[in-house]
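Participant: Next up is a structure, given as structure tokens.
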Amino acid sequence: MKLQTQATLYEQDYYLWIETTIKKLQDNEFQSLDIDNSIEELATLGRSEKSFAELSKFNRFFGEFLTIALLPP
888 MKLQTQATLY EQDYYLWIET TIKKLQDNEF QSLDIDNSIE ELATLGRSEK SFAELSKFNR
948 FFGEFLTIAL LPP
């Protein structure tokens, strides 16, 4: 089975993309993050209405991102 790229995963299974992104952040695998789609999600969050489930998942993602970003090296 061919591995999906992060961009393809984002397009095909949003929730799996979020879970994968969170895991990569937790594991400090920054080089393999889907940066373009992560930036897009952060940029559009305030402009678009999300369902409760989407917002909850994104909050988990963003919370993990902030936690890792703010931890000392």
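Note that the working numbering has the sequence shown beginning at 888, numbered continuously upward.
Backbone N, C-alpha and C fix where the C-beta goes; we use that ideal spot for every residue, glycine too.
Kindly give me the distance between the Cβ atoms of Tyr-902 and Lys-944, rounded to whole angstroms, as I take these residues to be in contact under 8 Å.
Facilitator: 6 Å
Participant: Do Thr-908 and Asp-921 have their CB atoms nearer than 8 Å?
Facilitator: Between Thr-908 and Asp-921, the C-beta spacing is below 8 Å.
Participant: Should Asp-910 go down as buried or exposed, given a rule of 16 or more other Cβ atoms within 10 Å for buried?
Facilitator: Before going on, a small fix: residue 910 reads as Lys here, not Asp. Exposed: under 16 other Cβ atoms inside 10 Å.
Participant: Could you tell me if Ile-905 is buried or exposed, where buried requires 16 or more neighbouring beta carbons within 10 angstroms of its beta carbon?
Facilitator: Classification of Ile-905: buried, given that the 10 Å Cβ count is 16 or more.
Participant: Report yes if the CB atom of Gln-899 is closer than 8 Å to the CB atom of Glu-951, and no otherwise.
Facilitator: Their beta carbons are not under 8 Å apart, which means Gln-899 does not touch Glu-951 by this criterion.
Participant: Should Ser-925 go down as buried or exposed, given a rule of 16 or more other Cβ atoms within 10 Å for buried?
Facilitator: buried
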